[in-house]
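Undergrad:
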Amino acid sequence: MSPSPDAADEGSSHLREESGEIERVQAGIAQALLERHYSQASIFAIRLSIEEAIMNGFQHGNRADPNKRVEVRWFIDRTIARFHVIDEGEGFDPTVVPDPTLDENLEIPSGRGLMLIRAYMSEARYHGLGNHLEMSFRKPVSP
Amino acid sequence: MNPGTSRIRVTDLDGVMRVEFVDRDILDEAAIRQISSELVRRIDAASAPFMLISFRGVEHLSSAALGTLITVNSLAKKRGGQLRLSDIKPSILEVFVITKLNKLFHISDTAERALEGFGRT
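Protein chains in written order, with our numbering: chain R, 524 to 666; chain G, 1230 to 1350.
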């Protein structure tokens, strides 16, 4: 992590599930955001989105294969936090994911990660086959 | 995480199981699986399970945790009981609102309010 809040913080990590690496990366990102004066609400939104993206990568992308990893890349400066989350799976079509907020889907226990990412991040889009998510959060301008 | 350590605290309040979380963050998949199996076991062991889950002290929660709550809610209803939620801080309540799960769950500001008229009596 960069010691200077004026400089951007950039990094990447190839994560394995259940190894403590996710928590370490999340803690480092939270620290970088804090140093660049992102609010607690912004950090909450970004942390939740990263968690959902990584878990989608492990569970749906890599199909819980312990030999496969999820790569996370980040760029954080004073105005924007941008992330790439890439799994080793075959991808998917994000346009066919059922809407979990419809009454008939409310009691289905899964399928809310992507909608939370879209709700909390400024931008989220999939590249290629659908195993590469790019998402960004623009820091709200202080009044 | 120590797999032998419970992630929840449960107290009996006149037939209502009051559940609190040990952790501030309910994000880790393994921890959520453990919480889920503990809650389901307790629901299954009761003839008409009335469960109040308090989120006091909880700072973060993932969609996997929401999935566990949905499962527990369905099981409790199926067995003639009910699940209620309380003490949810505003940032987490927003997650329920975004996902519209505030329509599915009985949510109260405080545990005391959630307990009003709850249970067998």
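C-beta atoms are modelled at their ideal positions from N, C-alpha and C, and glycine is treated no differently.
So that I know if they touch, is there some Cβ in chain G lying closer than 8 Å to that of Ala-530/R?
TA: Mapped onto the first sequence, residue 530/R falls at position 7. Not an interface residue.
Undergrad: Please compile the residues from chain R whose C-beta is within a distance smaller than 9 Å of the C-beta of Gly-1309/G.
TA: Locating residue 1309/G in the second sequence gives position 80, where the first residue counts as 1. Near Gly-1309/G there are no residues of chain R at all, since even the closest Cβ is about 17 Å away, more than 9 Å.
Undergrad: Compare the beta carbon distance of Leu-637/R and Pro-663/R with 8 Å and say whether it is the shorter of the two.
TA: Your numbering for residue 637/R matches position 114 in the first sequence. Your numbering for residue 663/R matches position 140 in the first sequence. Not in contact: Leu-637/R and Pro-663/R (Cβ atoms no closer than 8 Å).
Undergrad: Under 8 Å, Cβ to Cβ, is there at least one residue of chain R near Leu-1304/G?
TA: Here the question's residue 1304/G lines up with position 75 in the second sequence. Judged by the 8 Å Cβ criterion, Leu-1304/G is not in contact with chain R.
Undergrad: So, with DSSP's three-state summary, where would you put Asp-626/R?
TA: The sequence position of residue 626/R within the first sequence is 103, counting from 1. DSSP places Asp-626/R in helix when its eight states are reduced to three.
Undergrad: Where does His-560/R fall in DSSP's three states?
TA: For the purposes of this step, residue 560/R is identified with residue 37 of the first sequence, where counting begins at 1. His-560/R falls in the coil class under three-state DSSP.
Undergrad: In or out: His-583/R buried (at least 16 other Cβ within 10 Å) or exposed?
TA: For the purposes of this step, residue 583/R is taken as the residue at position 60 of the first sequence. Classification for His-583/R: buried.
Undergrad: Along the alpha helix (DSSP H) that carries Ile-640/R, what are the first and last residues, could you check?
TA: For this step, residue 640/R is matched to residue 117 along the first sequence. Its alpha helix (DSSP H) spans residues 636-643.
Undergrad: Taking a contact to mean a Cβ-Cβ separation below 8 Å, would you say Leu-629/R touches Leu-1330/G in this structure?
TA: On the first sequence, position 106 is the one that residue 629/R refers to. On the second sequence, position 101 is the one that residue 1330/G refers to. Contact flag set, yes.
Undergrad: Examine chain R for any beta-carbon lying closer than 8 Å to the beta-carbon of Ile-1299/G, and answer yes or no.
TA: Residue 1299/G sits at position 70 when you count from the first residue of the second sequence. Taking Cβ atoms only, chain R reaches closer than 8 Å to Ile-1299/G, which makes this a yes.
Undergrad: Give the residues of chain R in contact with Ser-1337/G, contact being defined as C-beta atoms less than 7 Å apart.
TA: Translated into positions along the second sequence, residue 1337/G becomes position 108. Within chain R, no residue comes near Ser-1337/G; the closest Cβ sits about 19 Å away, beyond 7 Å.
Undergrad: What residue does the alpha helix (DSSP H) around Phe-1325/G start on, and which one ends it?
TA: Stepping through the second sequence from its first residue, residue 1325/G is reached at position 96. Phe-1325/G -> alpha helix (DSSP H) spans 1319-1327.
Undergrad: Measuring only the C-alpha atoms, how far is Ser-633/R from Thr-602/R?
TA: Locating residue 633/R in the first sequence gives position 110, counting from the first residue. Locating residue 602/R in the first sequence gives position 79, counting from the first residue. Distance between the alpha carbons of Ser-633/R and Thr-602/R is about 33 Å.
Undergrad: Buried or exposed, going by whether 16 or more other CB atoms sit within 10 Å of the CB of Ala-555/R?
TA: Along the first sequence, one-based indexing puts residue 555/R at 32. The residue is buried, with at least 16 neighbouring Cβ atoms inside 10 Å.
Undergrad: Can you give me, in chain order, the residues of the region 623-636 of chain R that have a beta carbon less than 9 Å from any beta carbon in chain G?
TA: Within the region 623-636 of chain R, the qualifying residues are Pro-623, Thr-624, Leu-625, Asp-626, Leu-629, Glu-630, Ile-631, Pro-632, Ser-633, Gly-634, Arg-635, Gly-636.
Undergrad: Can you name, in chain order, every residue of its own chain whose Cβ lies under 6 Å from the Cβ of Thr-1240/G, other than the five neighbours on each side?
TA: Within the second sequence, residue 1240/G is the residue found at index 11, counting from 1. Only Arg-1247 meet the Cβ criterion.
Undergrad: Indicate whether Val-1245/G and Phe-1284/G have their beta-carbon atoms separated by less than 8 Å.
TA: Taking the second sequence and counting its residues from 1, the one referred to as residue 1245/G is at position 16. Taking the second sequence and counting its residues from 1, the one referred to as residue 1284/G is at position 55. No, they are not a contact pair.
Undergrad: Counting only beta-carbon atoms, is Phe-567/R nearer than 8 Å to chain G?
TA: The residue given as residue 567/R occupies position 44 in the first sequence. With 8 Å as the cut-off, Phe-567/R counts as an interface residue toward chain G.
Undergrad: Give the DSSP-derived three-state secondary structure of Phe-1279/G in the structure shown.
TA: Counting from 1 along the second sequence, the entry for residue 1279/G is found at position 50. In this structure, Phe-1279/G counts as strand in the three-state DSSP scheme.
Undergrad: May I ask which residues mark the beginning and end of the beta strand (DSSP E) holding Thr-618/R?
TA: Position 95 of the first sequence, counted from the start, is the residue given in the question as residue 618/R. Neither: Thr-618/R is in no beta strand (DSSP E) and is coded neither H nor E.
Undergrad: In this structure, how does DSSP classify Thr-1300/G when only helix, strand and coil are distinguished?
TA: By 1-based counting over the second sequence, the position of residue 1300/G is 71. Helix, per DSSP.
Undergrad: Would you mind stating whether Gly-651/R and Gly-614/R have Cβ atoms separated by less than 8 Å?
TA: Start at 1 with the first residue of the first sequence, and residue 651/R comes out as number 128. Start at 1 with the first residue of the first sequence, and residue 614/R comes out as number 91. Result yes, Cβ atoms of Gly-651/R and Gly-614/R sit closer than 8 Å.
Undergrad: Are the beta-carbon atoms belonging to Asn-654/R and Asp-610/R less than 8 Å from one another?
TA: Within the first sequence, residue 654/R is the residue found at index 131, counting from 1. Within the first sequence, residue 610/R is the residue found at index 87, counting from 1. Yes, the Cβ-Cβ distance between Asn-654/R and Asp-610/R is below 8 Å.
Undergrad: Does Gly-1296/G come within less than 8 Å of chain R when only Cβ atoms are used?
TA: Position 67 of the second sequence holds residue 1296/G. Judged by the 8 Å Cβ criterion, Gly-1296/G is in contact with chain R.
Undergrad: With H, G and I counted as helix, E and B as strand and the rest as coil, what does DSSP make of Leu-1330/G?
TA: Working through the second sequence from its first residue, we reach residue 1330/G at position 101. Coil.
Undergrad: What residue range is occupied by the uninterrupted beta strand (DSSP E) comprising Ser-495/R?
TA: Chain R is shown only over 524 to 666; residue 495/R falls outside these bounds and no answer can be derived.
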